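Everything below concerns the one structure shown next.
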Amino acid sequence: MYLKKISLFNYKNFSEASFEFDGKIICFVGKNGIGKTNVLDAIYHLSYGKSYFNPLAVQNIKHGEEFFVIDAEFIKNERIEQLVCSLKKGQKKVLKRNGKAYDKFSDHIGFIPLVIISPADRDLIIEGSETRRKFIDSIISQLDSHYLQQLIQYQKVMSQRNALLKYFALNHVFDNDTLSIYNEQLNDFGKYIFEKRKEFIAEFIPIFNAHHHAITDSQESVQLVYESHLFENDLLTLLQQNINKDRALHYTSMGIHKDDLSFEIDNHPIKKFGSQGQQKSFLIALKLAQFEFLKKQSGVKPILLFDDIFDKLDETRVAKIVEMVNSDTFGQLFISDTHPERTEAIVKLTHQSYKIFNL
Ligand SMILES: Nc1ncnc2c1ncn2[C@@H]1O[C@H](COP(=O)(O)OP(=O)(O)OP(=O)(O)O)[C@@H](O)[C@H]1O
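Just so you know, the sequence shown maps onto residues 47 to 405 in the working numbering.
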């Protein structure tokens, strides 16, 4: 599967731009702020139905304009797939495949497998647990649409349960029977999600370790640990045990919505004790493991986006990454970088066909 061409209209800083791709590696080079990342984000948009960088869809419309359109042609299973994503201010975003609009974007997830590696991934280390849950969920959802539906249902029931807890508090009432209905539903959805996350992590950790060892030459010991209340007890019991706490807080304090992944280096949090280069290597290993996992599960080589990843890495680590790209396990790779010479030198080492766009 690969992206053949893409056109952007009023997407971020681009009024109108078109790119046609041949070669396995495509590089966008140019000075800061020219729009290299924005092109990668447009590609990301077509895979996930949203921007990687701007959670608010309307922020992706070029300043002063009323709409954006991203129009692209992919080749998948030797068939042309046209994908168009568009947004007009005040309206809902539309995603069309071969002229037909999706009713639900979730139906599209997984159709164009894609992994991005970007400086913004640092949020995975420094931000709260929600970012890491989203990371896990986005991988599992790409392969299992039922999982995504269960997650949506879980969130819905939890919001209803929280609203009920608030209602009890405001009106000084309590109805355990109604609450029990929500508890049971949360337990059912939560159990499924917990089991899937556990299965995923068990498969993911060895892939992650292998990539991390390869990048760092096995110089660092890192750990990835899945944390969940559900290791302590089943969710129904936890909800019942914590009812007084939940009534005081007006929200559901226990459940898979509090799950986390802990990232450690030599048994200490990497957030506090990892150097910038070590954190970057950790994140690259995490994302390359995501790539490997998706490839293994789907049988398709995902599109890979390297957004400005070579800064802060020493030559040995860059060489290791290049070696992996060189091993022919990759499909199409897009790179953005500020240094044209560095980019060309790195890309040449892979012995793959490439094209460089000077923006
Ligand atoms: N909605 C928007 N309308 C107009 N311009 C925008 C919009 N959103 C972002 N931009 C502009 O896009 C530019 C950033 O583009 P981008 O992040 O792609 O740069 P880059 O080439 O990757 O730069 P760097 O090398 O610094 O990472 C900024 O100048 C920013 O102001």
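The C-beta atom is built at its ideal place from N, Cα and C for all residues, glycine as well. Note that the structure is predicted; figures quoted are calculated from it, not measured.
Exercise. Per DSSP, residue 57 is paired with what?
Worked result: DSSP, once it has assigned bridges, lists 60 and 107 as partnering residue 57.
Problem set entry | Rounded straight-line distance, which links the Cα of residue 114 to that of residue 137 | Roughly 12 Å separates the two Cα atoms.
Exercise. Which two residues bound the contiguous alpha helix (DSSP H) that contains residue 222?
Worked result: Residue 222 -> alpha helix (DSSP H) spans 222-262.
Exercise. Which of helix, strand or coil does DSSP assign to residue 383?
Worked result: DSSP places residue 383 in strand when its eight states are reduced to three.
For this session: Put residue 78 into one of helix, strand or coil per three-state DSSP.
Result: In this structure, residue 78 counts as coil in the three-state DSSP scheme.
For this session: Report the partner residues of residue 402 according to the DSSP bridge assignment.
Result: Paired residues: 73.
Exercise. Beta carbon of residue 382: closer than 8 Å to some heavy atom of ligand 1?
Worked result: In terms of side-chain proximity, the C-beta atom of residue 382 is found nearer than 8 Å to a non-hydrogen atom of ligand 1.
Problem set entry | Rounded straight-line distance, which links the Cα of residue 230 to that of residue 95 | If I take the Cα positions, the gap works out to 32 Å.
Exercise. Is residue 52 near ligand 1, with its Cβ less than 8 Å from a heavy atom?
Worked result: No.
Exercise. Whose C-alpha, out of 302, 291 and 220, is nearest the C-alpha of residue 278?
Worked result: Checked all of 302, 291 and 220; the closest Cα to residue 278 is 302.
Exercise. Which same chain residues, not among the five before or five after residue 329, have their C-beta less than 8 Å away from its C-beta?
Worked result: Scanning its chain for C-beta atoms nearer than 8 Å, with the 5 sequence neighbours on each side dropped, one finds around residue 329 the residues 163, 167, 168, 170 and 171, in chain order.
Exercise. Taking C-alpha atoms, which residue in 341, 238 and 357 lies nearest to residue 350?
Worked result: When each option's Cα is compared against that of residue 350, the closest is 341.
Problem set entry | Start and end residues, beta strand (DSSP E) containing residue 269 | First-last of the beta strand (DSSP E) with residue 269: 268-273.
Exercise. Can you pull the DSSP bridge partners for residue 126?
Worked result: 121.
Exercise. What residue does the alpha helix (DSSP H) around residue 302 start on, and which one ends it?
Worked result: Element bounds for residue 302: n/a, residue is neither H nor E.
Exercise. Regarding residue 87 and ligand 1, is the C-beta to nearest heavy atom distance less than 8 Å?
Worked result: Yes, the Cβ of residue 87 comes within 8 Å of a heavy atom of ligand 1.
Exercise. If you count every other CB in all the chains shown that lies within 10 Å of the CB of residue 110, and 16 or more means buried, which is it?
Worked result: The residue in question, residue 110, is exposed, as its Cβ has fewer than 16 Cβ neighbours within 10 Å.
Exercise. Any idea what DSSP makes of residue 135, helix, strand or coil?
Worked result: Note: residue 135 maps to coil in three-state DSSP.
Exercise. Between which two residues does the alpha helix (DSSP H) containing residue 178 stretch?
Worked result: Taken as a continuous stretch (DSSP letters only), the alpha helix (DSSP H) holding residue 178 covers 175-189.
Exercise. Less than 9 Å separating the beta-carbons of residue 410 and residue 196?
Worked result: Past the boundaries of the shown model lies residue 410; the chain is included only from 47 to 405, so the question cannot be answered.
Exercise. Do three or more CB pairs link the stretch 128-144 to the stretch 87-104 at distances below 8 Å?
Worked result: Touching, yes, given that three or more Cβ pairs across the two stretches are closer than 8 Å.
Exercise. Regarding residue 79 and ligand 1, is the C-beta to nearest heavy atom distance less than 8 Å?
Worked result: Checking the Cβ of residue 79 against ligand 1 gives yes.
Problem set entry | Contact check, residue 323 vs residue 347, beta carbons under 9 Å | For residue 323 and residue 347, no; Cβs fall outside 9 Å.
Exercise. Per DSSP, which one or two residues make a beta bridge with residue 310?
Worked result: BP columns for residue 310 point to 269 and 315.
Problem set entry | Reduced DSSP category for residue 212 - H, G, I as helix; E, B as strand; rest coil | Three-state result, residue 212: helix.
For this session: Give a yes or no on whether the C-beta atoms belonging to residue 182 and residue 253 are separated by under 9 Å.
Result: Not a contact, by the Cβ cut-off of 9 Å.
Exercise. What do you reckon, is the C-beta of residue 133 under 8 Å from a heavy atom of ligand 1?
Worked result: Outside the cutoff, so no.
Exercise. Does the Cβ of residue 325 have 16 or more other Cβ atoms within 10 Å, making it buried, or fewer, making it exposed?
Worked result: By the neighbour-count criterion, in which 16 or more other beta carbons inside 10 Å mark a residue as buried, residue 325 falls on the buried side.
For this session: Report yes if the C-beta of residue 280 is less than 8 Å from at least one heavy atom of ligand 1; otherwise report no.
Result: Flag unset: Cβ of residue 280 not near ligand 1.
Exercise. Any heavy atom of ligand 1 within a distance shorter than 8 Å of the CB on residue 405?
Worked result: At least one heavy atom of ligand 1 lies closer than 8 Å to the C-beta of residue 405.
Problem set entry | residue 149: CB within 8 Å of a non-hydrogen atom of ligand 1 | Residue 149: no, Cβ never under 8 Å from ligand 1.
Exercise. Going along the chain, which residues of its own chain have a beta-carbon closer than 6 Å to the beta-carbon of residue 355, five neighbours each way excluded?
Worked result: Scanning its chain for C-beta atoms nearer than 6 Å, with the 5 sequence neighbours on each side dropped, one finds around residue 355 the residues 163, in chain order.
Problem set entry | Residue-chain proximity (residue 149, chain B), Cβ-Cβ < 9 Å | As a matter of chain content, chain B is missing from the structure shown, which is built from one protein chain.
Exercise. Candidates 388, 380 and 377: which alpha carbon is nearest residue 360's?
Worked result: Nearest option by C-alpha distance: 388.
For this session: Flag residue 221 as yes when its Cβ comes closer than 8 Å to any non-hydrogen atom of ligand 1, and as no otherwise.
Result: Checking the Cβ of residue 221 against ligand 1 gives no.
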